[in-house]
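Novice: Under the working numbering, residues 472 to 865 are what the sequence shown spells out, in order.
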Amino acid sequence: MEKHLKRLREKSPDLFQLEVVGQSVEGRALYHLSLGTGPRHVLLWSQMHGDEPTATTALLDFLEYLRTHRQEPWVARILSELTLHSVPMLNPDGAERYQRRNAQGIDINRDALALQTPEARTLKALRDRLKPFIGFNLHNQSWRYGVGSTGRPASISLLAAAFDEPRSDNPGRVLAKKVCAVIRDALEPIAPGQVGRYDDSFEVRAFGDNMTRWGTPSVLIETGPWPSRAPDAPLIQLNFVALATALDALASGRAEKAEVARYESIPENDTSGIVYLMLKGVGLFGADGKPFTADVGISATRAVRDQGQGPALALVGKVDELGDLRVLGALETVDGSGLFAVPLSATAKEGDTLQLAQPRQHTVQTGQPAELMLLKPLEKPSTYRIERIIRFER
Numbered sequence: 472m473e474k475h476l477k478r479l480r481e482k483s484p485d486l487f488q489l490e491v492v493g494q495s496v497e498g499r500a501l502y503h504l505s506l507g508t509g510p511r512h513v514l515l516w517s518q519m520h521g522d523e524p525t526a527t528t529a530l531l532d533f534l535e536y537l538r539t540h541r542q543e544p545w546v547a548r549i550l551s552e553l554t555l556h557s558v559p560m561l562n563p564d565g566a567e568r569y570q571r572r573n574a575q576g577i578d579i580n581r582d583a584l585a586l587q588t589p590e591a592r593t594l595k596a597l598r599d600r601l602k603p604f605i606g607f608n609l610h611n612q613s614w615r616y617g618v619g620s621t622g623r624p625a626s627i628s629l630l631a632a633a634f635d636e637p638r639s640d641n642p643g644r645v646l647a648k649k650v651c652a653v654i655r656d657a658l659e660p661i662a663p664g665q666v667g668r669y670d671d672s673f674e675v676r677a678f679g680d681n682m683t684r685w686g687t688p689s690v691l692i693e694t695g696p697w698p699s700r701a702p703d704a705p706l707i708q709l710n711f712v713a714l715a716t717a718l719d720a721l722a723s724g725r726a727e728k729a730e731v732a733r734y735e736s737i738p739e740n741d742t743s744g745i746v747y748l749m750l751k752g753v754g755l756f757g758a759d760g761k762p763f764t765a766d767v768g769i770s771a772t773r774a775v776r777d778q779g780q781g782p783a784l785a786l787v788g789k790v791d792e793l794g795d796l797r798v799l800g801a802l803e804t805v806d807g808s809g810l811f812a813v814p815l816s817a818t819a820k821e822g823d824t825l826q827l828a829q830p831r832q833h834t835v836q837t838g839q840p841a842e843l844m845l846l847k848p849l850e851k852p853s854t855y856r857i858e859r860i861i862r863f864e865r
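1) Please work out which residues of its chain come closer than 6 Å, Cβ to Cβ, to Arg480, disregarding the five sequence neighbours upstream and downstream, and give them in chain order.
2) Return helix, strand or coil for Glu693, following the three-state DSSP convention.
3) Please classify His833: does DSSP put it in a helix, a strand, or coil?
4) Measure the alpha-carbon distance for Gln587 versus Gly498 and round it to whole angstroms.
5) Closest by CA to Asp582, which one among Tyr669, Thr554, Phe678?
6) Would you check whether the ligand ZN has a heavy atom nearer than 7 Å to the C-beta of Arg831?
7) According to DSSP, Thr554 sits in a beta bridge with which residue or residues?
8) Quick check: Val731 and Lys820, are their CB atoms within less than 8 Å of each other?
9) Sorted by chain position, which residues of the same chain lie with C-beta nearer than 8 Å to Asp680's C-beta, five sequence neighbours on each side aside?
10) Would you call the region 593 to 602 and the region 541 to 550 in contact, with 3 or more CB pairs under 8 Å?
11) Within the chosen definition, does the region 528 to 536 reach the region 774 to 787 through at least 3 CB pairs nearer than 8 Å?
12) Between the Cα of Phe811 and the Cα atoms of Glu590, Thr854, Pro840, which residue gives the shortest distance?
13) Report yes or no: do the region 558 to 578 and the region 645 to 660 share at least 3 C-beta pairs separated by less than 8 Å?
14) Taking all protein chains shown into account, decide if His556 is buried (16 or more other Cβ within 10 angstroms of its Cβ) or exposed.
15) Any contact of the region 739 to 751 with the region 605 to 625, i.e. 3+ C-beta pairs under 8 Å?
16) Comparing alpha-carbon positions, which option in Thr824, Glu842, Gln494, Gly838 lies nearest Glu858?
17) Name the DSSP beta bridge partners of Gly788, please?
18) Let's see if you can read the secondary structure: which residues bound the alpha helix (DSSP H) around Tyr734?
19) Can you tell me where the alpha helix (DSSP H) with Gln708 in it begins and where it stops?
20) Helix, strand or coil: which one does DSSP assign to Met844?
21) Name the two residues that bound the continuous alpha helix (DSSP H) containing Val650.
22) What would DSSP say about Pro738, mapped onto helix, strand or coil?
23) Report the rounded CA-to-CA distance for His833 versus Ile861, giving the unit in angstroms.
24) Could you work out which residue in Val805, Glu792, Thr818, Arg571 is closest to Pro840 when comparing CA atoms only?
25) Which residues in the same chain as Tyr747 place their Cβ atom closer than 6 Å to its Cβ, once the five residues preceding and following it in sequence are excluded?
26) Quick check: Gly807 and Pro738, are their CB atoms within less than 8 Å of each other?
27) Between which two residues does the alpha helix (DSSP H) harbouring Asn681 extend?
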């Protein structure tokens, strides 16, 4: 990221200003990149949680797009009407470890008042210096989040952050709601049914809430799950479109004309509304060895694992739900009718046949790694064929 920011500055020194505005606990530079000549200032900050990198990539892509397409009318309008300020990675120590908190073990997004972390002090000082008229707080959210009761994944969730317990409105928060409405209308054709609204309960310690209270109404963009084993590219694209649309709407005045109702009618996040993989109506063996039928819900998270070529992001899965899961959605659903799910054996391959002489030794339980076999019973008693292997990283 540091090299990328410096390359942007070197390629277009007339467009970008780059400064180090602070240092992390471990001495890593906190960068502030600015561009544009407009009278209204916008602050965008990303990765205050070190394990939430999607928007950082999208933000860097967007900055590069502005550089290479600065003659396009809508880009030129943004650069003439607004001055953009970005902190693409507020928590580099956490990013280095791929963890939420900083090197002190503190959640920076709960440090807006105590200011115990150098990263929080840097962000607060930058806001106080710039006094931006709006801010964009960029995050990743849990892959269990669904859009209301639809069973659809909340690939992007939006929030106009509250500034008090009653969740009152003032002109700034109304503007943030209108910006969210504009983003919703841009994203829904790309990700139909996958835009949710984040919980707007007031969190007295959080930066988005306090930014709004300090006079910088904040738009929260939370990136969630995408229904594929390669989710990064489409999620980055959604963030790119969200940022481009919002900033264009602010520069053109279109945001002020948006309908607040389009924001307020976004379905709220269901915080445990989906699983990554659902095995629907699959056969299982109980501790007594007797078979029964249930749904199996597998959740997945991103984590750093060494897969033989150095550290890389991997998909870690576990059995999270078991029973009647009809109220949950899933990124992928497998019809388990006529099949049995059992833990994966070390040498198993799809198409192999095997015998389960002691079914009670092959139970599936919540909390165990998502390493399973789906078996089809054959005519010979206790004999099965492996139809599918399900394997995630541990």
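The beta carbon of each residue, even a glycine, is placed where N, CA and C say it ideally should be.
Given the structure is predicted, the values throughout are model-derived calculations rather than measurements.
Specialist: Working from what's here:
1) Cβ neighbours of Arg480 beyond the five flanking positions: Phe487, Leu489.
2) Note: Glu693 maps to strand in three-state DSSP.
3) Coil.
4) Using only the alpha carbons, I get a separation of about 16 Å.
5) Nearest Cα to Asp582 within the set Tyr669, Thr554, Phe678: Phe678.
6) In terms of ligand content, the structure shown is empty, and the ligand ZN therefore cannot be addressed.
7) Answer is His512, bridged to Thr554.
8) At the C-beta level, Val731 and Lys820 stay beyond 8 Å of one another.
9) Result list for Asp680: Ala583, Ala632, Ala633, Phe634, Phe673, Glu674, Ser689, in chain order.
10) With a cut-off of 8 Å on Cβ pairs, the region 593 to 602 is not in contact with the region 541 to 550, counting fewer than three such pairs.
11) Put simply, the region 528 to 536 does not touch the region 774 to 787. Fewer than three CB pairs are less than 8 Å apart.
12) Measuring from the Cα of Phe811, the nearest candidate turns out to be Thr854.
13) The region 558 to 578 makes no contact with the region 645 to 660; the number of CB pairs closer than 8 Å stays below 3.
14) Under this definition His556 is a buried residue.
15) Yes: at least three Cβ pairs fall under 8 Å.
16) Nearest C-alpha to Glu858: Thr824.
17) Answer by DSSP bridge pairing, in chain order: Ala771.
18) Going by DSSP, Tyr734 is part of the alpha helix (DSSP H) stretching over 731 to 735.
19) For Gln708, the uninterrupted alpha helix (DSSP H) run begins and ends at 703 to 723, by DSSP.
20) Three-state result, Met844: strand.
21) Residues 642 to 658.
22) Looking at Pro738 - three-state DSSP - the assignment turns out to be coil, as it is neither helix nor strand.
23) One C-alpha to the other measures close to 15 Å.
24) Looking at the Cα atoms, Glu792 is the closest of the given residues.
25) The beta carbon of Tyr747 sits closer than 6 Å to the beta carbons of Ile769, Ser770, Ala771, Leu802 from its chain, once the five residues preceding and following it are set aside; these are given in chain order.
26) In this structure, the beta-carbon distance from Gly807 to Pro738 does not fall below 8 Å.
27) Annotation for Asn681: the continuous alpha helix (DSSP H) segment containing it runs 678 to 685.
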